[in-house]
Amino acid sequence: MATKDEVERFLLNFKEKVKIYNIVYREDREKNVQILAELDITPRYRTDVIMKLKVKDYSEGPIPDTLNHLSDMWVFGKDVKGREVYIKITMGVPGNSTICISFHIAEHKMKYPLK
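Letter by letter, the sequence shown follows residues 1032 to 1146 of the working numbering.
Right, here's the structure in full:
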């Protein structure tokens, strides 16, 4: 589990990088696309949700990326239109976009250790 300071630092760095390089969404995962229709939200709204993440929304991480070996993954949860949404993000590689690996309705009740 990360400390409050580590989560704050990650979110600050992530949001700053988004302002420069934006976010790439994993649209190849059906449940990531399905949530837009299910909750009637736009892709821009999804980005707004991520940009408003706070330390209290932290659930877990950093998690090593053993599949792509890019940068650590961080998990957050957020209420979106009355539904708990699971959000997994990563800084990506230096000089490129951040990555949203998951943005979908949580499949299990999430824990928020810094809330």
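From the three backbone atoms N, C-alpha and C, an ideal C-beta is built for every residue, glycine too.
**OP:** Quick one: residues in its chain with C-beta nearer than 8 Å to the C-beta of residue 1115, no 5 flanking neighbours on either side, listed in chain order?
**Re:** 1108, 1109, 1136, 1137, 1140, 1141
**OP:** Helix, strand or coil for residue 1097, going by three-state DSSP, please let me know.
**Re:** coil
Original post:
Do residue 1122 and residue 1044 have their C-beta atoms closer together than 9 Å?
Top reply: yes
Original post:
Roughly how many angstroms lie between the CA atoms of residue 1097 and residue 1069, to the nearest whole one?
Top reply: 31 Å
Subject >> Environment of residue 1129 [buried if 16+ CB atoms lie within 10 Å] >> reply: buried
Original post:
I think residue 1124 touches residue 1086, with their Cβ atoms under 8 Å apart; what is that distance to the nearest whole Å?
Top reply: Contact doesn't hold; Cβ gap of about 25 Å is too wide.
Subject >> Nearest neighbour of residue 1051, chosen from 1145, 1126, 1131, 1133 [CA to CA] >> reply: 1126
Original post:
CA-CA distance, residue 1062 and residue 1134?
Top reply: 8 Å
Original post:
DSSP on residue 1080, reduced to helix/strand/coil?
Top reply: helix
Original post:
Expressed to the nearest angstrom, what Euclidean distance is found between the alpha-carbon atoms of residue 1046 and residue 1055?
Top reply: 13 Å
Original post:
Could you check where the beta strand (DSSP E) with residue 1064 kicks off and where it finishes?
Top reply: That residue, residue 1064, is in no beta strand (DSSP E); its alpha helix (DSSP H) goes 1061-1069.
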